[in-house]
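These notes concern the structure reproduced below.
Numbering (UniProt numbering), first residue to last: 1 to 288.
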């Protein structure tokens, strides 16, 4: 059911995308390049440092790296809208991130498994498994985009039902996984909870402040913070649990724990950046 849930989510993403979303990148290249560098290079390096610093057990460490290599989550657009970000930039980044992840995610996962677990037959994502990642990520997006091109009205009408259905399927899978792993759940949260929480907070911070250091305007920086800071934990869980991909429930634990904790860190981050946007408009009593 989890691949089905992910396919529904990615199909819903495709329903909201159009070819001009990719073309729009040319109008804001600096913001896009900085965000992609953070996503592809900076965050995996940060995550590697965290799992080494906290001494996570090998499979949990590899699960954290799988999460770090996953593209932005589809909820980034919603959070960006709520806290004053450039939603158009979010849409563009989500589109590009989803494409690039098909290439970068297997590289990070294979290197991580080789480093933390050790090489072995069937370990990692080989060429046939990469093709499956391509299928569960890009094919539903492409179908959704085709549907939107054929009928924008139908795509808009289907957007909400697809989101609701995918959320129901995903919730069912998560509840089933919790019941199955209930005896070890407390230990998993104790082992990886702090690392997941720190990684969420650091991802959001880097996603916002790295663009600001290069003079990217604030609305685009907020969009970048949401896109880079909200990782697609559903994709990571699907790859970890799928019998034809990694088939490793332990590697699914970090993205599952992160998927719960990131809502809190994202709300705090959104409040802080929105407050910061409002502050310059306030008069300074000490001035004059």
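Each residue gets a CB set at the ideal place from its N, CA and C atoms; glycine is no exception.
Asked	Found
Per-residue burial, residue 275 [other beta carbons within 10 Å of its own, 16 or more giving buried]	exposed
Beta-carbon proximity of residue 116 to residue 158, cut-off 9 Å	no
Inter-residue Cα distance where the pair is residue 247 and residue 102	18 Å
Short Cβ contact (9 Å threshold) for residue 268 with residue 225	no
Run of the alpha helix (DSSP H) containing residue 49, from where it starts to where it stops	43-54
Environment of residue 220 [buried if 16+ CB atoms lie within 10 Å]	buried
Limits of the unbroken alpha helix (DSSP H) element including residue 312	The chain is shown from 1 up to 288; residue 312 falls before or after that span and cannot be answered.
Cα-Cα separation between residue 17 and residue 95, rounded to whole angstroms	8 Å
Residue 67 - containing alpha helix (DSSP H), residue span	58-69
Environment of residue 149 [buried if 16+ CB atoms lie within 10 Å]	exposed
Closest residue to residue 314 among 39, 109 and 211 (Cα-Cα distance)	For the chain, the structure presents residues 1 to 288; residue 314 sits outside this window and is missing.
Own chain residues within Cβ distance below 7 Å of residue 13, not counting five before or after	74, 94, 141 and 144
Spatial distance of residue 121 from residue 137 (CA atoms)	Its pLDDT being 45, under 50, residue 121 is placed unreliably in this model, and the coordinates cannot settle the point.
Nearest-angstrom Cβ-Cβ length linking residue 233 and residue 270, presumed shorter than 8 Å	Wrong, their Cβ atoms sit about 18 Å apart, outside the cutoff.
Supposed contact pair residue 199 and residue 41 - C-beta distance, whole angstroms, cut 8 Å	Actually they are not in contact, since the Cβ atoms of residue 41 and residue 199 sit about 15 Å apart, beyond 8 Å.
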